[in-house]
Structure formats: C-alpha cells, structure tokens
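The opening residue of the sequence shown carries number 500 in the working numbering; numbering runs sequentially from there. Beta carbons are placed, not taken as given, at the ideal position from N, Cα and C, and that holds for glycine.
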Amino acid sequence: MSNSQIEEINLSISRYLKVREHSKKELIDKLVKKAFDRTVAIDCLREFSSNNLQSDKRYSESIVRVKFSSGKGPIYIRKYLQNQQIDDSLIETALSQYKINDWIDSGQRVLAKKFSSQAISIIKMKSFLIYRGFPYDIIELCIREYTKS
C-alpha cells in the first residue's frame with residue numbers, strides 16, 4: 500500500500516476521532532466500507548491506539564454515560580458494547596461507575612416518563628424495563644418503589 504493511501508487512512512481516522520470516541524471495530528468497519536484494506540487499516544489504527552488517540556476504555560466509558568443518561572439498563576449497555584467487540588473487563592469497569600441505586604433511579608425515571616398513570620399494568624412496566632436492558636432484580640425494586648409513590 501502506498502504512503503498516500505496510509506496518509507488517507509490516518510486522516511480518516513483522525514476525522515472520525517475528532518467528532519467522538521470510536522471503538523476499534525467501529526473505525527475498522529468504517530475504513531473497510533470506504534474500500535481501504537483491512538490489514539493496513541488495522542496497522543494504522545494500532546498506531547493511534549499506542550499513542551492513546553483511540554481508546555476502547557474511553558469509548559466504553561463514554562457509551563455507558565450516554566446510554567445511562569438516556570435510560571438504558573446495564574444488560575442493554577453490556578450487549579451494545581459486546582457487539583462493538585469491547586473486552587468484557589473494560590465493559591465491567593465502565594458499568595461499575597454506576598451503583599445499584601443509580602440503576603434503580605434510572606429505571607424509576609424511565610418508568611415515570613413512560614407510565615405517568617398508575618392504571619398501566621405492572622406487566623407492561625416489567626416488559627418496558629426488560630426491553631431497556633434492566634436485570635430482573637432491579638426491575639422488581641424499581642416497580643416496588645415506583646408503585647409506592
């Protein structure tokens with residue numbers, strides 16, 4: 500591969516990373532979609548990672564913050580990051596920034612937003628939280644607290 504193609508790959512990676520954090524998988528997929536050679540793209544990306552310009556750790560922390568803020572639960576977020584081929588230890592570290600009470604508060608917020616009337620059945624609430632990726636123990640606590648208020 501020529502130096503101009505390597506420069507073009509490096510420029511593309513730089514542009515992507517200026518906008519937001521990206522996972523390695525995301526960047527490689529975007530570069531391959533632009534018809535760059537996968538092997539060369541991986542080599543170029545390795546340089547960005549070694550210089551700490553691309554970090555799956557920062558990416559996973561960022562995704563957890565964004566998804567948590569939008570009311571997604573830990574199961575949903577874990578699956579999302581696994582689909583991005585993020586290492587399980589990085590996922591667990593990123594998820595650990597929120598404690599069980601944070602997840603319960605988040606579940607209650609999305610329940611209050613979605614189901615403003617007590618007339619909505621508990622089953623619908625449970626389904627909604629399952630869809631949002633909350634585990635059953637947190638769902639039970641969320642609904643118990645939600646129905647008290």
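Simplified DSSP state of Q584, which is helix, strand or coil: Here the question's residue 584 lines up with position 85 in the sequence shown. Q584: coil per DSSP, three-state reduction.
Where the alpha helix (DSSP H) through K598 begins and ends: By one-based count along the sequence shown, residue 598 stands at place 99. For K598, no alpha helix (DSSP H) segment is defined, and its DSSP state is neither H nor E.
Any chain D beta carbon closer than 9 Å to R537: Protein chains in the displayed structure number just one, and chain D is not present.
F547 and L516 closer than 9 Å at C-beta: Counted from its first residue, the sequence shown places residue 547 at position 48. Counted from its first residue, the sequence shown places residue 516 at position 17. Less than 9 Å divides the Cβ of F547 from the Cβ of L516.
Buried/exposed call for I599, threshold 16 Cβ in 10 Å: Reading the sequence shown from its first residue, position 100 is the one you call residue 599. With fewer than 16 other Cβ atoms within 10 Å, it is exposed.
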